[in-house]
Amino acid sequence: GQVAILLAPATIVACVTFSSALFWNTMLAPMVLRETLTKAHCTGVTMLSVGGVVVTLVAGDAVNKFRFSPLELKELALREQFFMPTGVLIGAACAVVARACYLKTLES
Numbered sequence: 002g003q004v005a006i007l008l009a010p011a012t013i014v015a016c017v018t019f020s021s022a023l024f025w026n027t028m029l030a031p032m033v034l035r036e037t038l039t040k041a042h043c044t045g046v047t048m049l050s051v052g053g054v055v056v057t058l059v060a061g062d063a064v065n066k067f068r069f070s071p072l073e074l075k076e077l078a079l080r081e082q083f084f085m086p087t088g089v090l091i092g093a094a095c096a097v098v099a100r101a102c103y104l105k106t107l108e109s
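Just so we're aligned: 108 in this note's numbering is position 107 of the sequence shown, and the numbers increase by one with no gaps anywhere.
As C-alpha cells, then:
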C-alpha cells in the first residue's frame, strides 16, 4: 500500500487519501460516536466518492504529462468519464444550495 502511494501521481494520491479519510470518518462516526447519519451526510459522501473516482480515471490517462494546452484541457473536460459525473455533481451541489436557501427563507 505505501509503495503504491509513493509511485502514484500526486493528484491521485491527494484525492484518494483525502476522500477515503472522510468516507471512513463518516462511516465510523455512527458506530463509534453514536452520531446520526443524515441524508446530507450520505449525499456528501456519495459526491466525494464519485469525485474521487472521476479524478482517478481522468488523471490515470495523464500520469506523465504535467502541462496541458487549452485545447487538451478542453478535450479532457469533454470526455465522458469527466463530463457526465461532473455534471451530475454540479447539479447535486446546486440542489443542495437551493434547498439551503429555501430553508433559510422559511426560518426568516
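Ideal Cβ placement from N, Cα and C applies to all residues, glycine included.
Work out the CA separation of H42 and A93 for me, nearest whole Å. 13 Å
Helix or strand or just coil, what does DSSP make of L74? helix
E81, enclosing alpha helix (DSSP H) - first and last residue: 81–108
Three-way DSSP call (helix, strand, coil) for G2 in this model: Annotation note: pLDDT 49 at G2 (below 50); position unreliable, coordinate value reported separately. Of the three classes helix, strand and coil, the one that applies to G2 here is coil, per DSSP.
Tell me whether the beta-carbon of F19 lies closer than 7 Å to the beta-carbon of V46. no
Relative to the C-alpha of K40, which candidate in R100, F84, L58 has its C-alpha closest? R100
Only counting the same chain, and skipping five residues up and downstream in sequence, which positions put a Cβ closer than 8 Å to that of A30? Around A30: E36, L38.
Given a cut-off of 7 Å, decide if V51 and F83 are closer than it, judged by their beta-carbon atoms. No, Cβ-Cβ distance for F83 and V51 is not below 7 Å.
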